[in-house]
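Report on the structure given below.
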Amino acid sequence: MMLKTLMEVIDILESKDPVDKIREKLKGRIDHYEEKQLGKVTYIKCLYKGKKGRERVEILGRLGAIQMSQEKGLVSDADGAIISLTVLFELLNLREKGIELDIDVSFVTNISLDAKLIPHEPFNFMVPLVVLDEALKEEVDNEANLILSIDSTKGNRIAKYDDFAITHVIKDGYILKVKDDLIDIYNRVTGHEVYFVPLTTGDLTPMEYNVYHISTLVSPWLYSSSPLIGIATVSKQVIPGYVTGVLNIEMLEHASRFCLEVLKYVEKGGRVYEESELKELKEKLGESNLMRLKKS
């Protein structure tokens, strides 16, 4: 069950040696496992190889760190790691039951125990202890056909819901309507109407631009030519990423289950946006000026 898997992941991440425990948990079970150290930042990268590998989806858990040195326990910012690892562990549990996806799924997340804070209103952002651009470059799987970018986005005043929220699709500098099929998946998983993260043009720009960013949720699009959907853990209250005691178990379980159902949808040939819509925009408006901001 997803909830049982989620609780196991939280227990592992709240330990003093989460990387060791994850490594042991995945030993002999995952097709590819890699640990990448960037200074004090530890990235875990895994690849689940499907039976046919027609498509490849990245489940990207974005965060500054799972813990902060001055706090005790998991911080609010840990959500991206929690959800990405829950989906990974659940896929491996299903495989052991004889249930295996046809598509490949890559998982990337940060398991660091400290982060830095950068100025932002109403609360400072938590970012990894490396240059943010370096972090993003490390996080993006360039072989993925779709990126699900998961990030705690509670420190804002506009996306205030009691469950996770999603963005529309970011592709080639355009914001495209997510297909109704994904909204249906969201409705079934949560049991309520879809919650969207309101994005502005500023959200698609690099963080060094002096404009408002709701979070770094969709920033990975700058390093990818693939469509990206943001999955944000949010809250009714304005909560900074560096506090403890705010894990919403129901929201984390819903978001994990949503990711799994999207993988099944893609496995069946489902697409997340209308390609004809992007073609129409490019024909009428040309390439988005935001494309010149893309990083290599």
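Under the numbering used here, read the sequence shown as residues 55 to 350, first letter to last. Cβ atoms here follow ideal geometry from the backbone N, Cα and C, with glycine treated the same way.
**Study point:** Residue range of the unbroken alpha helix (DSSP H) whose run includes Ala309
**Key:** Translated into the one-based positions of the sequence shown, residue 309 becomes position 255. Ile303 to Glu321 is the extent of the alpha helix (DSSP H) around Ala309.
Point to revise | Three-state class that DSSP yields for Thr207 in the structure shown | key: Here residue 207 refers to the residue found at position 153 when the sequence shown is read from its first residue. In this structure, Thr207 counts as coil in the three-state DSSP scheme.
Exercise for review: Locate the beta strand (DSSP E) running through Asp158, then write down its first and last residues.
Suggested key: Looking up residue 158 in the sequence shown gives position 104. Its beta strand (DSSP E) spans residues Asp158 to Asn164.
Exercise for review: Go ahead and label Asp158 buried or exposed: buried means 16 or more other beta carbons lie within 10 angstroms of its beta carbon, across all protein chains shown.
Suggested key: The residue you call residue 158 lines up with position 104 of the sequence shown. Result: buried.
Exercise for review: Compute the Euclidean distance between the alpha carbons of Lys46 and Asn147, then round it to the nearest angstrom.
Suggested key: Only positions 55 to 350 of the chain appear in the structure, and residue 46 is not among them; the question remains open.
**Study point:** Coarse secondary structure for Ile212, derived from DSSP in three states
**Key:** For the purposes of this step, residue 212 is identified with residue 158 of the sequence shown, where counting begins at 1. DSSP places Ile212 in coil when its eight states are reduced to three.
Practice item. Please classify Ile45: does DSSP put it in a helix, a strand, or coil? Key: Since the displayed the chain opens at 55 and closes at 350, residue 45 lies outside it and no answer follows.
Exercise for review: Out of Phe143, Ile136 and Tyr277, state which residue places its alpha-carbon closest to the alpha-carbon of Asn199.
Suggested key: One-based indexing of the sequence shown puts residue 199 at position 145. The shortest C-alpha separation from Asn199 is found at Tyr277.
Practice item. Take Arg108 as the anchor and find which of Arg346, Leu142, Glu337 and Lys322 has the nearest alpha-carbon. Key: As a position in the sequence shown, residue 108 is number 54, starting the count at 1. Of the candidates Arg346, Leu142, Glu337 and Lys322, the one whose C-alpha sits nearest the C-alpha of Arg108 is Lys322.
Review point. Where does Met61 sit, in a helix, a strand or coil, going by DSSP?
Key: Here residue 61 refers to the residue found at position 7 of the sequence shown. Of the three classes helix, strand and coil, the one that applies to Met61 here is helix, per DSSP.
Check your understanding: Can you name the start and end residues of the beta strand (DSSP E) that Phe179 belongs to?
Key -> Counting from 1 along the sequence shown, the entry for residue 179 is found at position 125. Segment Phe179 to Val181, the beta strand (DSSP E) holding Phe179.
Practice item. Assign Glu193 to one of two classes, buried (16 or more other C-beta atoms within 10 Å of its C-beta) or exposed (fewer than that). Key: Position 139 of the sequence shown, counted from the first residue, corresponds to residue 193. Per the 10 Å Cβ criterion, buried.
Point to revise | Any chain B beta carbon closer than 8 Å to Pro182 | key: Judged by its chain identifiers, the structure shown contains no chain B, having just a single protein chain.
Review point. Taking the runs of the alpha helix (DSSP H) that are 4 residues or longer, which of them lie wholly in the stretch 319 to 346?
Key: 329 to 339
Check your understanding: Which of the three DSSP states, helix, strand or coil, is assigned to Tyr277?
Key -> Reading the sequence shown from its first residue, position 223 is the one you call residue 277. Reduced to three states, the DSSP call for Tyr277 is helix.
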